[in-house]
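Remarks on the structure that follows.
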Amino acid sequence: MNSTHHLQEWNHATGTMMHRTVNILSTELQPQKLSKNVLVQPAVATPCTSHLFDSLKQCDAKHDGFSEQRRRKPISVFSAKRMRGAGLWQLGQSITRRLAQSDKKTVARRYFASEAELKKTVLYDFHVAHGGKMVPFAGWSMPIQYKDSIMDSTVNCRQNGSLFDVSHMCGLSLKGKDCVPFLEKLVIADVAGLAPGAGTLTVFTNEKGGAIDDSVITKVKDDHIYLVVNAGCRDKDLAHIEEHMKAFKAKGGDVSWHIHDERSLLALQGPLAAPTLQHLTKEDLSKIYFGDFDILDINGAHCFLTRTGYTGEDGFEISVPSENAVDLAKAILEKSEGKVRLTGLGARDSLRLEAGLCLYGNDMEQHVTPVEAGLTWAIGKRRRAEGGFLGAEVILKQLESGPPVRRVGFFSSGPPPRSHSEVQDDKGKSIGEVTSGGFSPCLKKNIAMGYVKSGSHKAGTKVKIVIRGKAYDGVVTKMPFVPTKYYKPA
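Quick note: the sequence shown uses our numbering, first residue -2, plus one each step.
So, in structure tokens, the structure goes:
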């Protein structure tokens, strides 16, 4: 389905909201060529992707509760006068200028750069050859979508499968006999309690209990931890780890690290992920469950395989030597007989939202604790008793007495909610704000997540969500919005 047909269908499905968005962003422009390799589409903010651009300023947001400062008009795709007639690249540059005007020059440089300054994964030419529409994201040139619409790509992932290039994310290994106690000073997980080959989602915390980043960590062996951190937080995360590692080693601790820049990272997601990948390895994938890790040969390459993902579907993240990444991507697409499709950041974002998963910088920031973010389950039982991680005093107190705010899901009427949309109670009093929102391609309705004051967080609570000055009916709901399909033991 071409983009024009997709836009018409979307208008029909969402009515006046999309009509207004189209008028604001002037979608009659033709795609623009910046070079022979970079195609820039007109700046169309579709319901499932517009808040993706709000997130590009992640990792540097400041907290002021639910104050007026935080509810000011965000840096977003709806800045019509500046962005009318602009493509995605120009959109990024406009946001850069506004960030710089707000004394955020560092984050501006981090997220948007000239075409020549953008980093490219080893699959860049492969993306372009397959119709990938490349946009700047976290300092990288990444595909936001391919020939399929974002809606179609989202649905296809849940019905068949998707292959994502997530090589912009940072994989690293911690090694040494003390790597586990070292990491436990920085994260909330019970790392020592993980069996070799098992992993979990965790959160790096600061001294105030806020989230520095979230990460999937795996205990490869007792003296080897493998983890992946977000691309936009790479510099900050690595500096944080290095600072504490120096202090730890100065006291005699045995730990070192290796950043896997020699590897690329592919995410294969959806019901066809396992049967497709099984064609490319002799290992029995049915014995690898959700969260498990293994080192094995896939398509002749020595890979790190984790059964995990960011979609709510069954699937894998595959760390492959970069020289083998393109061949592996080709083999996966071939073995699926075209049913697994290349998928970009746009659909990846709508998939994670449907799965109720946090996007760091939108749904979790340095002022948000894991308890407030609804990640209490990620705090190991032993860690709740012993603490020993940064910010433990704040976090354990919240576990005991409850947090002041809580992350919840919403269904809503009217236009899809966006990041920073105000949430009110039924009397019009401000009780929180949306952090991510959009139109669900799978549910065909508006969904969102955000934070509300404790006491207003129970499922079924009626709320108002303010969008461009008008309040629309909403209701608090449990997440995930779409049931997860993780592969677990029977």
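Even glycine gets a Cβ: it sits at the ideal position worked out from N, Cα and C.
Q) Since A189 and T199 are thought to touch, with beta carbons under 8 Å apart, how far apart are those beta carbons, to the nearest angstrom? A) Not really, about 13 Å apart at Cβ, beyond 8 Å.
Q) Contact between the region 287 to 303 and the region 325 to 338: three or more CB pairs below 8 Å? A) Segments in contact, yes.
Q. Are the beta-carbon atoms belonging to R338 and N153 less than 9 Å from one another?
A. For R338 and N153, yes; Cβs fall inside 9 Å.
Q: Verify whether the separation of the beta carbon atoms of Y357 and D210 is less than 9 Å.
A: Their beta carbons are under 9 Å apart, which means Y357 touches D210 by this criterion.
Q: Kindly indicate the opening and closing residues of the beta strand (DSSP E) around C230.
A: Neither: C230 is in no beta strand (DSSP E) and is coded neither H nor E.
Q) Taking the alpha-carbon positions, what's the K246 to I256 distance? A) About 18 Å.
Q: Specify the secondary structure class of F478 as computed by DSSP and reduced to three states.
A: DSSP places F478 in coil when its eight states are reduced to three.
Q: Could you tell me how far apart the beta carbons of G434 and S451 are, in whole angstroms, since I believe they sit closer than 8 Å?
A: Contact doesn't hold; Cβ gap of about 21 Å is too wide.
Q | Range of the contiguous alpha helix (DSSP H) that encloses Y448 | A | First-last for Y448: K442 to K450, but that is the beta strand (DSSP E), not the alpha helix (DSSP H).
(Q) If the criterion is Cβ atoms closer than 9 Å, does the pair L269 and K218 meet it? (A) Result no, Cβ atoms of L269 and K218 do not sit closer than 9 Å.
Q: Go ahead and label V479 buried or exposed: buried means 16 or more other beta carbons lie within 10 angstroms of its beta carbon, across all protein chains shown.
A: Of the other Cβ atoms in all chains shown, 16 or more fall within 10 Å of the Cβ of V479; this residue is therefore buried.
Q | Cβ-based neighbour list, L396, same chain, cut-off 8 Å, excluding 5 preceding and 5 following | A | Within the same chain, L396 has close Cβ partners V368, T373, I376 and R381.
**Q.** Opposing strand residues paired with K459 [DSSP bridges]
**A.** According to DSSP, K459 bridges with V472.
Q) Going by the beta-carbon positions, is the gap between G168 and F386 smaller than 9 Å? A) Result no, Cβ atoms of G168 and F386 do not sit closer than 9 Å.
Q) Does DSSP put K332 in a helix, a strand or coil? A) The answer is helix: DSSP assigns K332 an H, G or I state.
Q | For T43, three-class secondary structure by DSSP | A | Because T43 carries a pLDDT of 43, less than 50, the predicted location of this residue cannot be relied on, and the following value inherits that uncertainty. Coil at T43, not helix or strand.
Q.
Between S398, S212, D422 and G207, which has its C-alpha nearest T197's C-alpha?
A. Among S398, S212, D422 and G207, the Cα nearest to that of T197 is on S212.
**Q.** Cβ-based burial, Y121 [other Cβ within 10 Å; buried from 16]
**A.** Burial call: buried.
Q.
Taking 8 Å as the cut-off, is the C-beta of L440 nearer than that to any heavy atom in the ligand ATP?
A. The ligand ATP is not among the ligands present in this structure, which contains no ligands whatsoever.
Q: With distances taken Cα to Cα, identify the nearest neighbour of F134 among H127, S146 and D162.
A: Comparing alpha-carbon positions, the option among H127, S146 and D162 lying closest to F134 turns out to be D162.
**Q.** Neighbourhood of R304 by C-beta distance below 7 Å, restricted to the same chain and skipping five residues each side
**A.** Its chain contains I285, Y286, F287, G288, D289, F313 and Y484 as the residues whose beta carbon lies nearer than 7 Å to that of R304, once the 5 sequence neighbours on both sides are disregarded; these appear in chain order.
Q. Taking DSSP as the reference, what is the three-state secondary structure of G353?
A. It is coil, neither helix nor strand.
**Q.** Cβ-Cβ separation, F179 to H237 (assumed contact under 8 Å), whole Å
**A.** H237 to F179, Cβ: 12 Å. No contact.
Q: Identify every residue that forms a DSSP beta bridge with K467.
A: In the DSSP output, where bridge partners are listed per residue, K467 has I464.
Q) Could you check where the beta strand (DSSP E) with A404 kicks off and where it finishes? A) In the sequence on display, residue 404 carries Arg and not Ala. Where R404 is concerned, the enclosing beta strand (DSSP E) stretches over V402 to S409.
(Q) Between the alpha carbons of S253 and R231, how many angstroms are there, rounded? (A) Rounded to whole angstroms, S253 and R231 show a C-alpha spacing of 17 Å.
(Q) By the three-class DSSP mapping on this structure, what secondary structure does K182 have? (A) Of the three classes helix, strand and coil, the one that applies to K182 here is coil, per DSSP.
Q.
Do P477 and A352 count as a contact pair if the criterion is CB distance below 9 Å?
A. Closer than 9 Å, so yes.
(Q) Just to confirm before moving on: does the CB-CB distance between M139 and G341 stay below 9 Å? (A) Yes, the pair counts as a contact, with Cβ atoms nearer than the cut-off.
Q. Which of the three DSSP states, helix, strand or coil, is assigned to T432?
A. Correct three-state label for T432: strand.
Q. CA-CA distance, P400 and D422?
A. The straight-line gap separating the alpha-carbon atoms of P400 and D422 is approximately 19 Å.
Q. What residues in its chain sit with their C-beta under 8 Å from that of E259, if we drop five residues either side in the sequence?
A. Here the set comprises P318 and S319.
Q | Reduced DSSP secondary structure (H/G/I, E/B, other) of K59 | A | Annotation note: pLDDT 35 at K59 (below 50); position unreliable, coordinate value reported separately. Three-state result, K59: coil.
Q. For S409, which option in N443, H127 and S416 has the closest C-alpha, if you only look at C-alpha atoms?
A. It is N443.
Q. Can you check whether the CB of G229 is closer than 9 Å to the CB of H364?
A. The answer is no: Cβ separation not under 9 Å.
Q: Using the Cα positions of H165 and L115, report the straight-line distance between them to the nearest angstrom.
A: Going by C-alpha positions, H165 is about 11 Å away from L115.
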